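First residue of the sequence shown: 787, per the working numbering; consecutive thereafter.
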Amino acid sequence: MAATPGVGRFRLRSSPKKPTQTKSSRKSHSKSRNGCQECKRSRVKCDEKRPICGRCSERRSSCMYVKDFGRPDMRCADMSIVAPPYATGDGLVECNYPEMEQYGSRYQFMTKSTHLLQHLHSCLDVSLGSSVGREIFGQFVLPQCVSTPYLMHALLALSARHLQHCQSSHMSHRKACWLHTQTAARLLREQLVHHQVGAHNIDWIYASSLLINMVSFASDETTPYKSWLFRPSTTMAEDSLSWFTVQMGLGYLKRILHQNIERSLWRVKGNAQGTSTSTLFSRNNPIAINSESPTLPGLLCDLCNITPGTWYQSNPYYIPLRIIIPMLQKESLDNNDINNILRFGPRVTTAYRSLLYTKDERALLLFMLWLDLLDRGDVWWIGGRARNERLAILIALSGNTDGRILDILALYRANLPPNWSWPYYA
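Shown next as structure tokens:
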């Protein structure tokens, strides 16, 4: 059969086959692909043991795997009992970390709850100043948290905040702290609003409030000019001082706790300190100080108009002085003293808080002395905040013209312990 004219000239030849390339064998990998973040950062091989690899176990360092930064694993036996639906949007209380909302999903790249639980015991050891506090949390609070969601989330929030303090470059800890703090606060608020507070639940409510306050107080800020003290308006100052004003809720809970103290686990603390329950919660103990004395307590009483007939209802400086003065008269402070100093926030009156908002110089001076005493306890969640805010107040008072305040600052500086340095500022 004759070929059709012209067809052949358009016929395409088959494309030549490419020479077969021999696939080179890949060099064996000498490092683990799924190792923990700490081993990867150190560029060493990880044995990938879970939950803690051998190297991190020997070094006692935090061990986290890439998968640990995903959504919290609620399949854990302890967490499956207590994990409630998370709040969204309007369900959250005031956010201590407002910048976290820009990151979208609250679960993305967040430290897993299982890792926070593993870190919890060591976190409590360094967060609770007294052995009695550690005993209370170890024997009573931790076993209860499995069946008390707001308590569980408060514990996880503190664990995440301590990890954030130790590993500030890990945003996953910050997100976990933010979420668990908000969840604990929301559940605790629901408990207070919809359920009667009494002997059956006050211990756990009080413990949760303590934990949330510790998280709120913690700060790694080192710039004093970012303090609430330098905010341009009273409203902005109040918002920035929320880490202190939130302690007012502890005062309310303490009064309920006092009514049920004989059936409360917190009576162990008062007994261990040799303090009666009436003294532990009372505002009415007198200040046994001679205001004419040239000592620092005497000068403070004179500055704040404290007389033998002064009572806390009539003088907003009375309660701060009653807490501060006994500590100023001690050569050294122990953990029980730090716990006593921490009562400052829950016990001061609304009138004193209002003086702080208006930057009253006498209120600021007492506030600075309180922060300075707190810082002597060397507790991780106290030190950063206390040092930075104390320095901010010193800067604010540096231009003061009241000779009495300047004399008190000079005398206080002269009587500081030998191992305690006075902060300097430009």
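Glycine is no exception: its CB is placed at the ideal position from the N, C-alpha and C atoms. Only a predicted model underlies this, so the values are computations on that prediction, with no experimental measurement involved.
Setting aside the 5 residues that flank it on each side, E1048 has no residue in the same chain whose C-beta is closer than 6 Å to its C-beta. Contact annotation: L965 and L941 have beta-carbon atoms that are not nearer than 8 Å. Sorting L1141, L997, S908 by C-alpha distance to the C-alpha of G1035 places L997 at the top.
Sixteen is the threshold: when 16 or more other Cβ atoms of the shown chains lie within 10 Å of the Cβ of A1149, as they do, the residue is buried. K1116 is classed as exposed because its beta carbon has fewer than 16 other beta carbons within 10 Å across all chains shown.
Sequence-distant partners of T1031 (beyond 5 residues in either direction) whose C-beta falls short of 8 Å from its own C-beta, in its chain, are E1024, R1139. I1109 has its alpha-carbon roughly 17 Å from the corresponding atom of P1094.
M938 sits away from W1167, with the two beta carbons spaced by 8 Å or more. If you compare the alpha carbons of Q904, N987, L1107 with that of R1133, the shortest gap goes to L1107.
With contacts defined as CB atoms closer than 8 Å, L1085 and D1006 fail to qualify as a contacting pair. At the C-beta level, A946 and T897 come within 8 Å of one another. Cα atoms of R1017 and P1010: separation of roughly 11 Å, rounded to the nearest angstrom. A distance below 7 Å between beta-carbons, with the five flanking residues on each side excluded, links N1125 to the following residues of its chain, in chain order: G915, S916. Counting only the Cα atoms, N820 lies some 9 Å from K826. Runs of the alpha helix (DSSP H) spanning 4 or more residues and lying entirely within the stretch 945-1002 occur at 957-980, in chain order. When DSSP states are grouped into helix, strand and coil, C825 belongs to the helix group. Contact between L910 and F923 holds, since their C-beta atoms are separated by about 5 Å, short of 8 Å. Classified as buried, E824 has 16 or more neighbouring CB atoms from the shown chains inside 10 Å of its CB. Between V983 and I1042, the C-beta spacing is below 8 Å. Excluding five sequence positions before and after L973, the CB atoms of its chain that fall closer than 8 Å to its own CB belong to P870, P935, Y936, H939, given in chain order. Counted as a single uninterrupted DSSP element, the stretch harbouring G915 is not any alpha helix (DSSP H), since DSSP gives it neither H nor E. Collapsing the DSSP output to three states places Y1103 in coil.
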